[in-house]
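Converting from the sequence shown to this note's numbering requires adding 1067 to each position, the first position being numbered 1. Where is the CB? At the ideal position from N, CA and C, for every residue including glycine.
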Amino acid sequence: MGRIPEATIRAILDRTDIVTVIGDFVRLERRGSRYLGLCPFHGEKTPSFNVDKEKGLFYCFGCQKGGDTVKFLMEYEKLSYREALEELAQKAGVPIELEEEVSEEEKQRRSLKEMNERLVETFHWLLLNHPAAANACSVLERRAIPEAVRDGFRLGYSLPSRRWLYDFLQKKGYSGEFLARSGLFSQNHPDFPLFADRLMFPIASSRGEIIGFGGRLLEGEGPKYINSPDTALFRKQDNLFALDKAIPALKKEGAALICEGYMDALSFHVAGVGIAVAPLGTAFTEGQARLLKRWVQRVYLAFDADQAGQKAAEKATILAASAGLEAKVVILPGGKDASEILEKEGGGSLQKVRDLAINGDEFLVQRARSLYDIGSVEGKAKATSFLYPYINALDSEVKKDAFIELASRGLHAEARSFRADYEDAKRGIPARRAEKPAQGQDRPLVRSPDLILVLAVAVNEGAFANFRKVVSLEEIDDPRAKDLFIALEESYRAEEGGLESLLARLTDEQLRKAVLAAAVSGEFDENAIRFVDEGVQRLKRKSLGEKRELLRERIAELGSTGEGLSELQYELMHLDAELAKMKGERDERS
C-alpha cells in the first residue's frame, strides 16, 4: 500500500477545522480564544477538555490526553493513523494520491468494496420493487421489521435466476477471474451465485464499508442461512453483523449485546436496543471479542436456553474473560429467540431482557452444578475442573481468588483445596481421580464408543436430524463426543449442512482431524443406518442400566418399610421390562 505524501497530509490538516471535527462528538463552548467541553475520554462533571482552534490542538487537563485532529479521531473512533487521515480527507474534499504503486492485494480490496457497494444498492432496489421479492417482504413484515430499519440496514433481495448476477456484474466490467475470488459464486460452478431467492443482509465493517453478505432462504430446500466465505476483504471470525450501526450506542453504554443471528440483532434494534450485534454463522470468536474491546467493557450474551445455546454462552463467557471483558448471560424467556419475542410480544419485552442477566461467573457455577452431581466426591471434582478454563482466562490473581471463593461456595467445596487442585492442574500434576480441565483437546484423542457413534452421524449427511430426536446430550459420556454433538446441533439449528459448516464450529484440532479422517476413509459409508441404530440402542441400554442401579441403591437405602418404596419398586419393574424388551430386539437382529 502506498504512502500518503506529506504535502497531501498538510493540505488535509490545513483544510480541517478542529473545532468542527471535535464538535461533532463533544459539545464545546467558546471561552475566549479556546473552546471548552466535557472530556469524552474519561468521566467528569466539570469541563477540563480544551480545544485550541488556531493551533489545531486539543488537551484534557483531567486525563492528559491531547494532540491534533488526527490524534483525536484515532483515540475517539479507534482508527489507525491512515484511517483517520482518510476520514479527514473525505470531509475536507482533498483527494489522496499515493506516492507508491498500489499493491495487487489493495487493488483487489478496493474493487471488492466498489462491487459490494453497487450490489447493496441493487439488492435493496430489488427488495423494494421486484415482484419476486414478495416472500422476502412478507418475512420482514411478519417479523415486525419496520421500513426505517429495513432501509437503514439496507436489506435486499437476490433474484432466483442462476445467471442474472454473473451476467449483471460482467456487464459492469468485472472479469470472470475477479468474480471467482469475490465470494459471491460457487467454487464448483463459477457462474452460479451463492445467493439466489434470498433475503439479503449486508455485512459492514466498523467503518460502514460493505465487506460481505448473509442470505436467508425464503422457500425450498437448502441451508436457511448462507454467509459470504472469507475473501481479501472479509473474515467472518473478525467481524460482527450490525457493528457499524451499533458503535454509537456501544461507545455511550460501554456494553454490547451479542445474539445468535441477523434477525435477532435486527429485532433488538427495532426495540431500541442499539448495542445488539451478531456473529456471522459461527460461534462467538476471539477475534470478535478483541474487536468489541475497542469500544466496550461488558458484553451481554443473549443465547437460547437449550443445551447448544448454553454451551455457546459458556464458551463465549470464557472468550470474553480472555479479552478482558466482563460477561453477563441473558437467558431469553420461554425458550424463544429475539425475533419471536418481538413478533409476539413487542419491543417492550426485548428492552427488558438485560434485567434478566446474571454475571458470567455465576452462570458458569450454575452450569457446573447442572452438569455434575456435586453431592458425590467424584462429581464435585469434575465440577471444579470444569471451571479451570475460565480461571485460566481471568487476567489477575485477585479475580481468580474471588472466583474460586464464589465457586467454592456454589459447589460446597473447600476453597483452599479447590485452589490447590487448580494449581496442580496448571503444573500438569494429575488431579486425584478428577477429570482434566474441560479443554480436552490437549489430551490424545481416544475413539470411545460414544465418539465413534457421533462420528458416524457427523459424516452421514441428514443422519443428525433423526439422531437428535432419540439421543440427548446428557446420555453421552465422552467429552469430545459431547463437543461434536453440540457442533452438529449448532449447524442443524442454523440449517447449515455439509462438513464445512461443522468443521468451522470445532475448535479442537484433534477432533476436527478425526471428523475429516472418518469422512475421507469411508469407514461409515456401508450399513451406516444400522450402525447408528445399534449405537443408539447401546446408549439407551446404558442409560436405562444406570437408572436401574440408582433405583436399586435408593431402594436399599429405604429398607423394607421406607416411605415411597412401592413407587420405586414399580419404577424398577418398569425399567427391567424395558431392558428385557431391548435385549429381545437385539437378539432378534443378531
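Opening and closing residue of the beta strand (DSSP E) in which residue i lies
{"i": "C1127", "result": "L1124 to C1127"}
{"i": "R1097", "result": "E1096 to R1098"}
{"i": "V1118", "result": "F1116 to D1119"}
{"i": "G1104", "result": "R1101 to G1104"}
Supposed close pair residue i, residue j - CB separation, criterion 8 Å
{"i": "L1555", "j": "L1540", "result": "In fact, because the Cβ distance is near 10 Å, the residues do not count as touching under 8 Å."}
{"i": "E1276", "j": "K1180", "result": "6 Å"}
{"i": "M1267", "j": "F1259", "result": "About 17 Å; that fails the 8 Å criterion."}
{"i": "A1581", "j": "L1522", "result": "6 Å"}
{"i": "L1386", "j": "V1420", "result": "At roughly 21 Å, the Cβ-Cβ gap does not stay under 8 Å, so L1386 and V1420 are not in contact."}
{"i": "A1369", "j": "I1325", "result": "7 Å"}
{"i": "A1380", "j": "F1335", "result": "Not quite, the Cβ-Cβ distance comes to about 17 Å (not below 8 Å), so this is no contact."}
{"i": "D1264", "j": "L1236", "result": "Not really, about 18 Å apart at Cβ, beyond 8 Å."}
{"i": "V1161", "j": "I1071", "result": "Actually they are not in contact, since the Cβ atoms of V1161 and I1071 sit about 10 Å apart, beyond 8 Å."}
{"i": "L1454", "j": "A1474", "result": "6 Å"}
{"i": "L1307", "j": "L1358", "result": "7 Å"}
{"i": "H1191", "j": "L1222", "result": "7 Å"}
{"i": "Y1224", "j": "A1200", "result": "4 Å"}
{"i": "L1152", "j": "I1270", "result": "At roughly 25 Å, the Cβ-Cβ gap does not stay under 8 Å, so L1152 and I1270 are not in contact."}
{"i": "A1525", "j": "L1551", "result": "6 Å"}
{"i": "I1553", "j": "K1291", "result": "Contact doesn't hold; Cβ gap of about 19 Å is too wide."}
{"i": "A1316", "j": "I1342", "result": "5 Å"}
{"i": "P1516", "j": "R1605", "result": "7 Å"}
{"i": "Y1489", "j": "I1458", "result": "6 Å"}
Element boundaries [alpha helix (DSSP H), containing residue i]
{"i": "D1517", "result": "P1516 to A1525"}
{"i": "N1202", "result": "A1201 to R1209"}
{"i": "R1535", "result": "A1530 to V1537"}
{"i": "D1081", "result": "E1073 to D1081"}
{"i": "T1384", "result": "Q1374 to S1389"}
{"i": "K1549", "result": "P1546 to R1560"}
{"i": "F1190", "result": "E1171 to N1196"}
{"i": "L1152", "result": "Y1148 to A1159"}
{"i": "A1487", "result": "A1482 to K1493"}
{"i": "R1357", "result": "E1353 to L1359"}
Beta-bridge pairing of residue i - partner residues as DSSP gives them
{"i": "V1366", "result": "A1323 and A1394"}
{"i": "A1343", "result": "L1324"}
{"i": "Y1292", "result": "R1283"}
{"i": "G1090", "result": "Note: G1090 sits in no beta bridge, so no partner."}
{"i": "G1134", "result": "F1125"}
Can we say the region 1154-1166 touches the region 1234-1250, given the rule of at least three CB pairs closer than 8 Å?
no
Runs of beta strand (DSSP E) lying entirely within the region 1219-1289, each at least 3 residues, in chain order:
1223-1225, 1265-1271 and 1277-1284
Report yes or no: do the region 1175-1190 and the region 1099-1111 share at least 3 C-beta pairs separated by less than 8 Å?
no
Which residue spans inside the region 1398-1469 form an unbroken alpha helix (DSSP H) run of at least 4?
1405-1412, 1414-1418, 1427-1438, 1444-1453 and 1455-1460
Restricting to runs no shorter than 3 residues, where is the beta strand (DSSP E) found entirely within the region 1562-1589?
none
With three or more C-beta pairs closer than 8 Å as the rule, is the region 1373-1392 touching the region 1588-1599?
no
Evaluate the contact criterion for the region 1416-1435 versus the region 1384-1400: three or more CB pairs, one atom per stretch, below 8 Å.
yes
Is the region 1479-1487 in contact with the region 1440-1459, if contact means three or more CB pairs nearer than 8 Å?
yes
Return the chain-ordered ranges of every alpha helix (DSSP H) run that is complete within the region 1295-1341 and spans a minimum of 4 residues.
1310-1320 and 1329-1337
The region 1545-1561 touching the region 1603-1616, judged by at least three CB pairs closer than 8 Å
no
Contact between the region 1337-1349 and the region 1301-1309 is defined here as three or more beta-carbon pairs at a separation below 8 Å; is this criterion met?
yes
Pair every Cβ in the region 1326-1343 with every Cβ in the region 1199-1217, then say whether three or more of these pairs are closer than 8 Å.
yes
Are there three or more Cβ pairs, one per stretch, closer than 8 Å when the region 1080-1092 is compared with the region 1131-1150?
yes
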